[in-house]
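Take a look at the structure below.
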Amino acid sequence: SCLQCHESFRENPTAHTHHSLASSGSRCLNCHMPHTTYGLFVAMRSHRIDSPSAAVSKATGRPNACNLCHLDRTLAWTDQHLGEWYGSPPSDLDDDDRNVAASVRWLLEGDAAQRAITAWHMGWPAAQEASGKGWQAAHLAVLLADPYASIRRVSQRSIKTLPGFESFSYDHLASAEDLVAARGEAWSRWQQSVPRHFDRHGSSLLLDENGGIDFPAFSRRLDSRDNTPLRIIE
């Protein structure tokens with residue numbers, strides 16, 4: 010449908026997408042109508058045809074397509090590539106935008122919508138292919154004790170797609186005490202899976218090369234979480 014109007018991309022679409030033709034990064038919808046709307050326990054495609062923008066994510070908090078697929082990358086990484094590929098002007102970014110993966114910030118610090126959307130993408134096969142899938146459980150574990158039952162449910166679905174968590178037992182409607190216990194159990198299980206499945210690390214993910222979690226950094230970001238009340242009707 011897109012190429013019916015954008016005929017200039019027909020002969021060499023990768024010159025525009027900068028991704029392999031067979032990859033999800035060359036699907037028009039994934040970049041221009043990403044899953045940035047939440048409802049019914051899933052992230053859904055936006056009905057707005059738009060282009061990824063680090064500046065818009067910075068200004069509005071709306072996640073962009075690049076960082077929802079490349080979950081292990083920072084907002085500055087996206088800003089750099091958009092500038093190199095499409096001539097976008099540089100955005101006014103701070104140290105966190107340069108040094109911490111955008112998905113980690115949305116998941117730990119974001120509002121309820123950002124957390125739900127990011128949690129869903131951590132179980133999205135296209136994002137797992139681009140970002141790996143052996144590190145996300147350390148972060149998803151946090152949302153197993155989230156105040157919103159819907160976010161806990163989305164996180165449960167995503168974490169069960171990760172290696173070592175296929176049989177993870179969890180009730181997103183359990184008591185607050187049991188939810189905290191489940192979060193601790195998930196962290197313990199993740200540590201056990203590290204030797205076989207750990208595929209990303211670094212300060213941008215708050216994880217060291219041995220799979221150690223920077224819990225003080227996790228706590229600092231959780232303390233700054235956007236707790237604006239949102240009514241999510243499923």
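Note that my numbering numbers the sequence shown so that position 234 is 243, with each residue one more than the last. We treat Cβ as the ideally placed atom computed from N, Cα and C, and that holds for glycine. As the structure is a prediction and not an experimental result, all values here were calculated from the model.
Within the model, the alpha-carbon separation for Leu-182 versus Ala-110 is close to 30 Å. Residue pairing by DSSP places His-44 opposite Arg-54 in a beta bridge. Just so you know, the alpha carbons of Phe-174 and Cys-14 end up roughly 44 Å apart. Counting every other CB atom within 10 Å of its CB across the protein chains shown gives Leu-30 a total below 16, marking it as exposed. For Gln-123, the enclosing alpha helix (DSSP H) begins and ends at 121–130. Taking the CA atoms as reference points, Tyr-47 sits about 7 Å from Ala-122. Assignment of Ala-110 by DSSP, reduced to helix, strand and coil, places it in the strand class. In this model, Phe-227 and His-25 are separated by some 37 Å (Cα to Cα). Here the segment 74–81 makes contact with the segment 137–154; the two share three or more CB pairs at distances below 8 Å.
Contact between the segment 117–131 and the segment 161–170 is established, with three or more Cβ pairs separated by less than 8 Å. No Cβ-Cβ contact shorter than 8 Å links Cys-37 with Pro-61. When only Cα atoms are considered, Ala-135 and Gln-89 end up about 22 Å apart. In the three-state reduction of the DSSP assignment, Leu-216 falls in the strand class.
The closest CA to that of Ala-185, considering only Leu-116, Asn-73, Leu-153 and Trp-86, is found on Leu-153.
A check of alpha carbon separations from Val-151 across Ile-58, Ser-202, Ser-17 and Arg-230 identifies Arg-230 as the nearest. Around the beta-carbon of Val-113, 16 or more other beta-carbon atoms lie within 10 Å, marking it buried.
Taking each of Leu-91, Arg-205 and Pro-156 in turn and checking the Cα distance to Gly-119, the smallest one comes out for Pro-156. In the displayed model, Gly-96 falls within coil according to three-state DSSP, outside both helix and strand. The C-alpha of Thr-170 is placed about 13 Å away from the C-alpha of Ser-202.
If the five residues before and after Leu-117 are omitted, its C-beta is found closer than 6 Å to the C-beta atoms of Arg-230 and Leu-231, all from its own chain and listed in chain order.
The DSSP assignment places 146–152 and 158–168 as complete runs of the alpha helix (DSSP H) inside the segment 141–172, in order along the chain (cut-off: 4 residues). Per DSSP, the unbroken alpha helix (DSSP H) holding Asp-232 starts and ends at 224–232. Apart from the 5 residues on each side of it in sequence, Ala-52 sits with its Cβ closer than 6 Å to the Cβ of His-44, Ile-126 and Trp-129 in its chain, given in chain order. A distance of 8 Å or more separates the beta carbons of Gly-220 and Ser-167.
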